[in-house]
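*Asks:*
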Amino acid sequence: MTGALQHLIVLPILLPLVASALMLSLNERRRATKRTLSLATAAILIGVAATLLWFARDGGPTAYRLGDWPSPFAITLVADRLSAMMLLLTSILGFTSLFYATARWDRSGPRFHALFLLLLMGINGAFLTGDIFNLFVFFEVLLAASYGLILHGSGTERTSASLHYIAINIAASLLFLTGVALIYSVTGTLNMADLALRISKVDPNDLALLESGAAILGVAFLVKAGIWPLSFWLPRTYAAASPPVAAVFAVMTKVGIYIILRLSFLLFGKGSGGAAGFANEVLLYAGLATMAFGILGTLAARQLTRIAGHYVLVSSGILLAAIGIGGEALTAALLFYLVSSTLAVSALYLIIEPTERNADEDDIIEGIAEPVFDDEYVGAIEEKETEIGTVIPGTIAILGGGLIFCALLLAGLPPLSGFIAKFALIDALFSHVVIASSHWIMIALIILSGLATMISMTRAGIDLLWTPGEDSPSRLSLIEVTPIGLLLAVCLALMLAAGPVMDFMQDTAAALYEPTGYIDAAGPAAPAFDTSAPTTSGARP
Amino acid sequence: MEVVLSLAIGVLTASGLWLLFRPRTFQVILGLSLLSYAVNLFIIAAGRLRTDAPPIVGKGVTDPASYADPLPQALVLTAIVISFATTALLVVVLMASRGLTGTDHVDGEDGEP
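First to last, the sequence lines map onto chains A and B.
Letter by letter, the first sequence follows residues 1 to 541 in our numbering.
Letter by letter, the second sequence follows residues 1001 to 1113 in our numbering.
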């Protein structure tokens, strides 16, 4: 990437920030303008992410030094295959969730679009940044926006769930800072690529300090990823959030997974001397425990939102255990599974609410509650609700079809992408000459998780859709169906193009195992280093 | 000085943790605040303790050894701002929870009266 195109990397952060700032200056009553602006932003983000992915696939990692400072001092943004792929996934989920929200959810509280775009900015920044402290800042941006979004729609259940969510995340952020401080005190740098270079030269006496720093840092990400036993907040919080918010939160656990993937390969990969392979065992066993907990939770859950929440845990467990075992083939498979399961869970969260609309009233968290605080937007919130969009017949047929599609994807039954992902995972686990007992446990748990998902989804589906109710089926607007269809269509495309996608994942996994490209692009010896510039490098230590 | 600082961090962390595990929302907020003070002090300590050394390098000076590490100080400033903002947000949620449930218990209901 050269010329003006190199500035494309900063766009996934800048664009939602500017759009969100604009949104704040607009009155809450100008809803049409806000919707157009945020949907346009989300659509452009998809285009930008796809372009970045295109360049990253052919040209390898590209670094962007903010403010054009020389490399270890600048905050770098790095677009490589993995981060570009995650950006594309986020922007697709962002677009579909926003689209779904315009049906009615964005009216159940003020400033929905501004918060939503800030969340996208935070997630994009976390995927792009190549600096640990900058990562903390983007984490806080996405967390602050998520606090607002969890509360969106108000109500007792949401407020109470978000109290737990905020408290645990502030505590996790403090652990994050402690870890960063420990790592800085040992290595003297915060740039990830620079860290990867310096970690092999760390004095063996300081290694314990560095590893405890990395472990404390890791706990902060594992809380986000929902590892057992740090995950009890997750199903309840996700179930309490409004559907479009829960749908985009499906990618938030993957932020934690992404960082663990990135840092464990960069810092504790092959070239890191005494620290190599740090904490892999912990990840494996904690991942297996998370899977087991998620499976039991799926079976015990009585509501679809709880099933979806526990499924998020199962998928986190599978991903963490796979990271713990390692190996190029398994890493490629886990990346495929990551994309497929995130899309499927997001679609499930969107389809739950229209499905449950004509079920028992007391099972459902009310959509539009009275605002807690009276403010200037009260008039806008209490506006009389009107159905918008075309009402289409055969609601039950569409919802039932969508739910079956989601169930097949989540359970991993052929022929959909969920099956391909799980097949690739199990195939990679079997490819070792000697299969360890922990691998057998993981294979068993992967298959059991499919069974558990199928059982509980069937039970919930029969209960909600095929039991004759007293009410006539509720109406479904086209605006709600389109994003669900879009997400399922992406899953279908993943299935049809499984070969090329898998090739891409294999190359991505190979690049993770050989991070020299990443280090060369973002590290201190960056090729774009301009020595003729009037820097004060002579005075620097 | 090292002893004083480590004692301060230790006492802040211990009291913060104890408060964090209490059942009232206000205690939780105070606990989180104390913990964040402890972490801020810890970040400063990560840049090595120095006295009488300015963190900003002046013009024409070539010996960085006579200066304190400026980076942890910048990090602490950012951390203070962020923790202040999130604590303010938590206070608002606490008030909303108190208003909606009528109790200041973290679970929204009192177990034993």
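A virtual CB, placed ideally from N, CA and C, is assigned to each residue, including glycine.
1) With 16 other CB atoms within 10 Å as the buried threshold, where does W105(A) fall?
2) For the pair the segment 72-81 of chain A and the segment 16-35 of chain A, tell me if three or more CB-CB distances fall below 8 Å.
3) Assuming F249(A) and A241(A) form a contact by the criterion Cβ under 8 Å, report the distance between their Cβ atoms to the nearest whole angstrom.
4) What residues from chain A crowd round S1097(B), counting only those whose CB sits closer than 7 Å?
5) Going by beta-carbon coordinates alone, are D1104(B) and F1026(B) separated by less than 8 Å?
6) Would you list the one or two residues that DSSP bridges to A63(A)?
7) Relative to the C-alpha of L118(A), which residue among T96(A), F136(A), L143(A) and G130(A) is closest?
8) Show which residues of chain A have a CB atom less than 7 Å away from the CB atom of F1042(B).
9) Just to confirm before moving on: does the CB-CB distance between A172(A) and V223(A) stay below 8 Å?
10) Can you list the residues of chain B that I44(A) reaches, using a CB-CB cut of under 7 Å?
11) Under 8 Å, Cβ to Cβ, is there at least one residue of chain B near F293(A)?
12) So T62(A) contacts chain B; which residues on that side make the cut at Cβ distance below 8 Å?
13) So who's on the other strand from D131(A), going by DSSP bridges?
14) Using the Cα positions of G600(A) and A181(A), report the straight-line distance between them to the nearest angstrom.
15) Could you check whether the Cβ of I166(A) sits closer than 8 Å to any Cβ belonging to chain B?
16) Straight-line CA distance for A49(A) to P1072(B)?
17) Measuring straight from C-alpha to C-alpha, what distance separates F373(A) and S1097(B)?
18) How would you list, in chain order, the residues of chain A whose beta-carbon sits under 9 Å from the beta-carbon of L1035(B)?
19) Beta carbon of L304(A), beta carbon of I352(A): below 8 Å?
20) List, in chain order, every chain B residue whose beta-carbon is nearer than 9 Å to that of T156(A).
21) So is Y147(A) in contact with chain B if we call contact Cβ pairs under 8 Å?
22) Quick one: give me the first and last residue of the alpha helix (DSSP H) that N205(A) is part of.
23) So if I threshold CB-CB distances at 7 Å, which residues from the segment 306-339 of chain A count as touching chain B?
24) In this structure, what does DSSP give as the bridge partners for H1105(B)?
25) Helix, strand or coil for S316(A) per DSSP?
26) In angstroms, rounded to a whole number, what distance separates the CA positions of I150(A) and A114(A)?
27) So which residues on chain A does L1094(B) lean against when the C-beta distance must stay under 8 Å?
28) Name the DSSP beta bridge partners of S108(A), please?
29) With a CB to CB cut of under 8 Å and the five nearest residues on each side skipped, what residues in its chain are close to G297(A)?
30) My output table needs one value for S456(A): the three-state DSSP class, helix, strand or coil.
31) Roughly how many angstroms lie between the CA atoms of L330(A) and I441(A), to the nearest whole one?
32) If we ignore side chains and look at the alpha-carbon of each, how far apart do I443(A) and M495(A) end up?
33) If A333(A) and A220(A) are in contact, beta carbons under 8 Å, what's the gap, nearest whole angstrom?
34) To the nearest angstrom, report how far apart W1018(B) and L1034(B) are at their CA atoms.
35) Whole angstroms are fine: how far does the CA of T1086(B) sit from the CA of V255(A)?
36) Using a cut-off of 7 Å between C-beta atoms, extract the partners of V1028(B) located in chain A.
*Replies:* Judging by the given coordinates:
1) buried
2) no
3) 6 Å
4) T159, S160 and L163
5) yes
6) V78(A)
7) L143(A)
8) T178 and A181
9) yes
10) Going along chain B, no residue has its Cβ under 7 Å from I44(A), so there is no contact; the nearest lies around 28 Å.
11) no
12) What T62(A) touches in chain B: nothing, since even the nearest Cβ is about 26 Å away.
13) N191(A)
14) Given that chain A is displayed from residue 1 to residue 541, the structure contains no residue 600(A) and the question cannot be resolved.
15) yes
16) 33 Å
17) Reliability fails at F373(A), whose pLDDT of 48 lies under 50, so the model's placement of it is uncertain and no value is given.
18) I170, A171 and L174
19) yes
20) S1097, L1100, T1101 and G1108
21) yes
22) Taken as a continuous stretch (DSSP letters only), N205(A) belongs to no alpha helix (DSSP H), as it is neither H nor E.
23) none
24) R1024(B)
25) helix
26) 14 Å
27) L163
28) Answer is none; S108(A) lacks a bridge partner.
29) P235, R306, G309, H310 and L313
30) helix
31) 16 Å
32) 22 Å
33) Incorrect: roughly 26 Å between the Cβ atoms, too far for contact.
34) 10 Å
35) 20 Å
36) A167
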